[in-house]
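Residue numbering for the sequence shown follows the numbering used here, starting at 5 and increasing by one per position. Here a beta-carbon is modelled for each residue, glycine too, at the ideal position from N, C-alpha and C.
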Amino acid sequence: MAARKTAVITGSTSGIGLAIAQALAAEGRNVVVNSFSDTTADHAMADAIAKQYGVKTAYIKADMSKPAECRALVAKAAETFGSVDILVNNAGIQHVAPVEEFPIEKWDAIIAINLSSAFHTIAAAIPLMKNAGGGRIVNIASAHGLVASPFKSAYVSAKHGIMGLTKTVALELAREKITCNAICPGYVLTPLVEAQIPDQMKAHQMDRETVIREVMLDKQPTKEFVTVEQIAAAAVFLCSDAAAQINGTHLSVDGGWTAA
Ligand code: NAD
Numbered sequence: 005m006a007a008r009k010t011a012v013i014t015g016s017t018s019g020i021g022l023a024i025a026q027a028l029a030a031e032g033r034n035v036v037v038n039s040f041s042d043t044t045a046d047h048a049m050a051d052a053i054a055k056q057y058g059v060k061t062a063y064i065k066a067d068m069s070k071p072a073e074c075r076a077l078v079a080k081a082a083e084t085f086g087s088v089d090i091l092v093n094n095a096g097i098q099h100v101a102p103v104e105e106f107p108i109e110k111w112d113a114i115i116a117i118n119l120s121s122a123f124h125t126i127a128a129a130i131p132l133m134k135n136a137g138g139g140r141i142v143n144i145a146s147a148h149g150l151v152a153s154p155f156k157s158a159y160v161s162a163k164h165g166i167m168g169l170t171k172t173v174a175l176e177l178a179r180e181k182i183t184c185n186a187i188c189p190g191y192v193l194t195p196l197v198e199a200q201i202p203d204q205m206k207a208h209q210m211d212r213e214t215v216i217r218e219v220m221l222d223k224q225p226t227k228e229f230v231t232v233e234q235i236a237a238a239a240v241f242l243c244s245d246a247a248a249q250i251n252g253t254h255l256s257v258d259g260g261w262t263a264a
C-alpha cells in the first residue's frame with residue numbers, strides 16, 4: 005500500500021482525470037472518482053477501477069461550479085476513507101470565442117470550474133492533510149497557464165490564475181510536508197479538445213484537419229498530441245516520495261510548446 009493512501013481526482017470520469025485515477029489506483033491508492041452527472045456509467049467506472057487494481061474506490065457526485073459541493077466532495081471523501089492524502093484538481097471546461105463576443109455565463113462557468121473549484125477543494129483538504137502529517141496537491145493547469153492563445157480569454161485567465169494559486173498554497177504549506185504543484189499539458193486529444201474543434205473551425209474559418217494541423221499541433225514542436233497516460237505518469241511522479249522537494253512549480257508536458 006502506498007504511503008499516501010487516498011486520492012480525490014475532480015472531473016475523473018473522462019480524459020485526463022480518468023487516466024490519473026487509474027494510474028494512482030495502479031499504485032495501490034484508494035481513489036475517489038468525481039463528476040457532476042451521477043450516472044450508472046459513472047458509478048460503473050469507479051467500480052471497474054476497484055476491480056482492476058484491487059483498491060477501494062468511491063464515486064462522489066459534486067458539481068465543481070458550486071463552492072459548497074467542491075468542499076463537500078472533500079469532506080465526503082474523508083468520511084468514506086478516513087483521509088484525503090492526494091488532491092488532484094482536474095475538472096475543467098473550455099469555450100472558444102473572441103473576447104467581445106464571449107458569453108458572460110461561459111466566462112463565469114470557466115472561472116468557477118477551472119479556477120475557483122481548486123480554491124475550495126484545497127481549502128477543505130488542508131486541515132485533513134495537516135492532521136495526517138502531509139499530502140500532495142496537483143493542479144491540472146495547461147500550457148495556457150503559461151502562454152495565451154486567441155479566443156480563449158476565460159480559459160487562459162483561469163489557467164494563469166491556478167498557477168498563482170499553486171505557488172501561494174505551496175508557500176503557505178511548505179513546512180507541513182504538503183506540496184502543491186501544477187501540470188501544464190499541451191494538446192491532449194480528449195473529449196474537451198474534440199468539443200472545441202468546431203468552434204475553432206468557426207473562429208479561424210478553417211476545416212477540421214487544418215485546425216488540428218495549423219492551430220493545435222502547430223503549437224507543439226513534436227507535432228504529436230500528448231497522451232492521457234503521459235499526464236497521468238507526471239501526476240504519479242508528483243505524488244511520489246521522490247517529488248517531496250518539488251513545490252510551487254509546474255511540470256510542462258507539452259511537446260516543447262512553451263519552449264518557444
Ligand atoms: P474532459 O472533457 O475529457 O474531462 C473534463 C472532466 O471535467 C470531465 O470528467 C467532466 O465531467 C469534468 N467536469 C466538467 N465540468 C464539471 C463540473 N461542473 N463538475 C464536476 N466535473 C466537471 O477534458 P480533459 O481534456 O481530460 O481535461 C481535464 C483537465 O485538463 C482540464 O482542467 C483541462 O483544462 C486540462 N487540460 C486539458 C488539455 C487537453 O488538451 N485536453 C490541455 C491542457 C489542460
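CB contact flag (residue i, residue j, <8 Å)
i      : j      : result
Tyr159 : Gln98  : yes
Lys65  : Phe40  : yes
Val37  : Ile20  : no
Ser69  : Leu132 : no
Val59  : Val35  : yes
Ile235 : Pro195 : no
Tyr63  : Asp89  : no
Ala122 : Asn143 : yes
Thr183 : Ala247 : yes
Lys156 : Val100 : yes
Lys171 : His148 : no
Leu169 : Ile130 : no
Met210 : Glu198 : no
Thr262 : Leu193 : no
For residue j and residue i, the rounded distance between their alpha carbons
i      : j      : result
Ala186 : Val232 : 15 Å
Gln204 : Val215 : 7 Å
Lys9   : Lys206 : 45 Å
Ala27  : Ala238 : 10 Å
Glu228 : Asp222 : 9 Å
Ala264 : Asn93  : 27 Å
Lys134 : Ala29  : 23 Å
Ala208 : Tyr57  : Residue identity check: residue 208 is His in the sequence provided, not Ala. Each residue's alpha carbon lies about 44 Å from the other.
Gly2   : Asn118 : With the chain covering only 5 through 264, there is no way to say anything about residue 2.
Met5   : Ala48  : Here the model assigns Met5 a pLDDT of 42, short of 50, so the residue's position is not dependable, and the following value carries that caveat. Each residue's alpha carbon lies about 24 Å from the other.
Ala152 : His254 : 16 Å
Ser272 : Cys243 : Nothing in the structure corresponds to residue 272, since the chain is present only between 5 and 264.
Gln224 : Ile166 : 22 Å
Val230 : Ser256 : 11 Å
Ala113 : Asp245 : 35 Å
Gly137 : Pro202 : 47 Å
Arg179 : Gly252 : 13 Å
Pro154 : Ile24  : 29 Å
Beta-bridge partners of residue i, as assigned by DSSP
i      : result
Arg140 : Ile90, Thr183
Thr61  : Val35
Ala11  : Val35, Ile90
Cys188 : Ser256
Val230 : Val192
Local Cβ density within 10 Å of residue i, reported as buried at 16 or more and exposed below that
i      : result
Asp258 : buried
Arg33  : buried
Lys55  : exposed
Gly140 : Correcting the residue identity first, residue 140 is Arg in this sequence and not Gly. Classification for Arg140: buried.
Val103 : exposed
Gly260 : exposed
Thr14  : buried
Leu175 : exposed
Gln200 : buried
Ala145 : buried
Thr43  : exposed
Ile108 : exposed
Gln249 : exposed
Thr17  : buried
Ala72  : exposed
Residue i CB to nearest heavy atom of the ligand HEM below 7 Å
i      : result
Asp211 : For the ligand HEM, the structure offers nothing, since it holds only the ligand NAD.
Cβ separation of residue i and residue j, assumed to be a contact under 8 Å, to the nearest whole Å
i      : j      : result
Thr125 : Leu91  : 6 Å
Arg75  : Ala128 : 4 Å
Glu31  : Val240 : 6 Å
CB contact below 8 Å: residue i versus chain D
i      : result
His148 : No chain D appears in this structure, which consists of one protein chain only.
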